[in-house]
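This report refers to the structure that appears directly beneath it.
Residue numbers (the numbering used here), protein chains in the order written: chain A, 14 to 342; chain B, 1324 to 1733; chain C, 258 to 786.
In structure tokens, the structure reads:
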């Protein structure tokens, strides 16, 4: 055994010695302990700066995508019918559009149903921890949807200021006051962010109800299969709500939620009976019955249920049995 | 006289390796450095040496590995060229105190055979296998007769041996029984662990023996003879090996891909899954695994069925293998080599391994493991048969130097 | 045209060859002249409006029971247990009967304002069901309403915190069942009665029980004295379950039993010929048979298995009854007998049967040799009332490839049972005494039963015990076309062809034996006089 002499006998070349000039140039440098820390350059989450997405060229690209790609796709998948859009069309200046939230389809459908001039001058408040947590997601959301980051629960000063500034510049805002998609198909409590911004900037709130999104693309979780189905949605715009002087943001928020609940009732029944019920104080609860989870799921309207009972039954069966009884009624 | 001689010729060495890889073990012989030659009988190297005329000489797994070019390079210093292979020998003595007697050879060349005095610590206690001066002395380097240029070896018409290496064979034992004493001694030594070891497979333990060639079968017999319940054997596919394992006392005999599941059943242990319902390894396991195969796969299997704190005994010469030692470390498993023989600690006091082996050969009927005998002239067939013994329903193949034709026993 | 009853054909020279099932495939065999073939009755008409019938049954219960509506009130604890994946066979086309019934029950529960509802798959010691299997059985609506909230349970017979010992019967049989079920204000059981063995008190007493309870009737002695399983008045298995059921009722567990029966419309369009009598095969049927059997010859076993296990049967509900367990079950049995009974005169020396690819314990899985034995000697042998079809000391010839193959996820303890236990002995009593306890308590099998999709460690033993009556009764068991080593391991005799098998049988029953072939599935019960 035995190869030639040990490595110690060979002189180490100058460039290999640690600390020499060329080793520094060839490797990334080590930081001395006393050096001050580097400033953080890229920000994600709420601090992400979406200004670049509102520059003219980017806006143009986004508008083209919205008109030529998103809207045809939405029409093919969801075939939305709109109701009550005239009230919105008569409004000039920025508005805050608030809608119920059950599906990832909501934003695309809502933007598609806005009047054309307005839809290109709209930003969408999107959850900072979901759409803006990674840099590429943030860029994609800002570019594709015109999204701005916002906290789900309680809007902090920074995002509030940013949103208010945009509204003052003339941008309309789409915001889902529930803070996130409904886990079970019923509505959740409306947070105060939309109401606060409306009061601060003095702009009206347009309540919207989206019916049937959850049946097409439900929120997954715990065994619920997520599959995109085709179907028909309905988008109902309600009468615009102006904040009043005496009302604080909290109470205004309750009023906004009541309007959306009314629209929901309208969607399942009709305009007049919904109003009658609202007048009598008995609108069916937007947030669903206060009972156990299975009963809440059981009492969902068909439009909110990805698997409605009727669709599970075959159109005709018993045709293969000996009887010829005609079952189609 | 005729002898099979192993020359140091690198080119032929390499060629035999290639041939073995391509055509299978044992087929490298034709192009390898082993040749049948007319040579002079070896000279007596010194006092105490006598001549031995072999009757039967066994072919061992280590011989096969050497002929295939697969043995470890570790042995290069422990071997002197040219040598005559063959270390499992029963033959007749000419000269000295045992003149005219039939003897079996204990091939380890320790201090005594090497004319070294005083004896090293190991040889002094009868543990010749652990001799500390294995490459020095009056004869050339060689860990055993059959690897040494100065002693000759069993695959010839004559060799020389030191009187301390020879054990007389009782009348009533056949030549076939006698030739099995040496492999049985390896098995006994592995089973009993030598005097110092202390951590041996004793009564009440659950044991797996991997491999059912000659050494595996002898190990089963040795373990059974020294009172061991719950022995489980993994066998390489071959039905004849399974039959013999059962006869020699294995409680359960399974095929290699079933051993993990069988060990789990035996121990009631929990297991870590491998996906699709298969088991990768046990979290408990058996107390001791005797690995008589010595491949990377068998060592991995051993590690997956031995319990934390258990022991794996490597019986029989392994090749160089690559092994993940993480399970060994995390589960505090002992990996111990069992080489050759010496003196064993028994309830009746220390006894030479060869004596215990002789008793074992008789009590377990190990002579039936000799499946075929060939004359030296048909050495290529003999070695090919030995290499494929399992598949061909055979166990031990020997060279028969008493007759001229080959004969199959089983 | 009303469905024709079953009948016994006597084979003569103008009889076409008879269809034999052979695992994932089928063969045509020529039976000697003079053999009998028992054909099942044709499928009865299904209910025209099953949902309405279900609602009606819930409103008008049988026996000493109030309508379900009146048993439901707000604040109560309701548990709905349902039969697991071993029924029906083959699995039904959507919507499954359980889906219909459970939705009807939940509608009533929602109306009544019952919040605390849990659904439990009554597995006993079977494997857990996968999400897909649960979706298929219950429908997505029920699944989506219960599973995400952890309200869809699978009975865990090894969970000590969820078992309760209710007491012992007068024969010393311990009754230990699912705690949630026992402590509910109302336990609704949704059952599918494919064969006469199912249902009645067996639903709760077995389906929701633990090993401690089950071993009192799932043992060799009980099985040998169940003659047959399909006839509860002569079945020790059922007597034991009935005692346990009565103890459960006395312990205060209120059970509202809903039982349903299915017709025997077992095979979809492309396998229609399997339903028909051979001399009535149209050109399409014959072409279908030829095409299928040729294609299957070339198909690798894995793929063939997948094809067959994806069959969804068109069988439909023929009756539904609800209310008190005993009364409901009597009515159910009437319906089962109406669909399945065939009058057969006299026993036979040799009974032949072709075994299909599926039994209750290998749904979406592999039929290993133990299950082959169980299907042939446990189920098919026992499809009788009165006397067994084959005489004592007679021979059963089964046709199945009997591969030495096991599903390692579903049947891990079966592998060990086959490798270790059957290699030692096939004697039932010896197996029970020496090995059952170790397998039943092995922590690894318990772990796999509770967390994976494995049958319980003791389950292969039950499969073997299921053959107890047959093994005591018969002189010889022959398997045609099976893996020789596997068949021998079972203790049976392998034969390559049916004629070889008949010759081997003659050594036992003598020359010129009488031969009867059981042409099933579709299912039938032989009423032997």
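In this text, a Cβ means the ideal position worked out from N, Cα and C, and glycines have one as well.
Here the structure is a predicted model, which is why all the values come from computation and not from measurement.
Grouping DSSP H, G and I as helix and E and B as strand, with all else coil, what is residue 266/C? strand
Look at residue 434/C and residue 505/C and say whether their C-beta atoms are less than 8 angstroms apart. yes
Looking only at its chain, what residues have a beta carbon closer than 7 angstroms to the beta carbon of residue 1446/B, apart from the 5 residues adjacent to it on each side? 1433, 1434, 1435, 1454
Flag this pair as yes or no: are the beta carbons of residue 674/C and residue 696/C separated by less than 8 angstroms? yes
Looking only at C-alpha atoms, which of 464/C, 556/C, 510/C sits nearest to residue 414/C? 464/C
Decide if residue 338/A is buried, meaning its Cβ has at least 16 other Cβ atoms within 10 Å, or exposed. In this prediction, residue 338/A has a pLDDT of 31, which is less than 50 and means its spatial position is unreliable; what the coordinates show is noted afterwards. Residue 338/A should be labelled exposed.
Short CB-CB distance (under 8 angstroms) between residue 1627/B and chain C: no
Under 8 angstroms by beta carbon: chain B residues contacting residue 666/C: 1599, 1600
Ignore the nearest five residues each way along the sequence and tell me which others in residue 1417/B's own chain have a CB closer than 6 angstroms to its CB. 1374
Closest by C-alpha distance to residue 2/A, when choosing among 158/A, 310/A, 214/A: Nothing can be reported for residue 2/A, as the shown portion of chain A is limited to 14 through 342.
With DSSP run on the structure shown, which of helix, strand or coil describes residue 1676/B? helix
Any Cβ of chain C within less than 8 angstroms of the Cβ of residue 1603/B? no
Would you identify the three-state DSSP class for residue 517/C, choosing helix, strand or coil? strand
Excluding the 5 residues flanking residue 1625/B on each side, which residues of the same chain have their C-beta closer than 6 angstroms to its C-beta? 1612, 1614, 1635
8 angstroms Cβ cutoff met for residue 420/C and residue 511/C: no
Name the two residues that bound the continuous alpha helix (DSSP H) containing residue 627/C. 626–630
Residues in the region 1654–1677 of chain B having any Cβ partner in chain C nearer than 7 angstroms: none
Put residue 773/C into one of helix, strand or coil per three-state DSSP. strand
Can we say the region 1568–1581 of chain B touches the region 1591–1599 of chain B, given the rule of at least three CB pairs closer than 8 angstroms? no
So what does DSSP say about residue 115/A, is it helix, strand or coil? coil
Can you tell me the Cα-Cα spacing of residue 1325/B and residue 1661/B, whole angstroms? 33 angstroms
Test: residue 310/A CB closer than 8 angstroms to a CB of chain C: yes
8 angstroms CB neighbourhood of residue 56/A in its chain, flanking five on each side removed: 62
First through last residue of the beta strand (DSSP E) which encompasses residue 1722/B: 1719–1723
Taking 8 angstroms as the CB-CB cut-off, is residue 262/C touching chain A? no
What residues from the region 715–746 of chain C come within 7 angstroms of chain B, judged by C-beta to C-beta, listed N to C? none
Local Cβ density within 10 Å of residue 113/A, reported as buried at 16 or more and exposed below that: buried
Closest by C-alpha distance to residue 1398/B, when choosing among 1361/B, 1457/B, 1340/B, 1356/B: 1457/B
On the DSSP bridge assignment, give the partners of residue 340/C in chain order. 379/C
Coil, strand or helix - residue 89/A by DSSP: helix
Could you give the C-beta distance for residue 223/A and residue 104/A, rounded to a whole number, given that I count them as a contact under 8 angstroms? Between residue 104/A and residue 223/A the Cβ distance is about 20 angstroms, and since that is not below 8 angstroms, they are no contact.
Using only alpha-carbon positions, find the residue among 520/C, 606/C, 262/C that is nearest to residue 764/C. 606/C
Taking only three categories from DSSP, how would you classify residue 341/A? Since pLDDT at residue 341/A reaches only 29, below the 50 mark, its modelled position is unreliable, and the value read off the structure follows with that caveat. Coil at residue 341/A, not helix or strand.
Name the residue from 550/C, 742/C, 603/C, 654/C whose alpha carbon lies nearest to the alpha carbon of residue 281/C. 550/C
Determine the direct distance from the alpha carbon of residue 624/C to that of residue 408/C, and round the result to whole angstroms. 32 angstroms
Of all the CB atoms in chain C, is at least one closer than 8 angstroms to the CB of residue 306/A? yes
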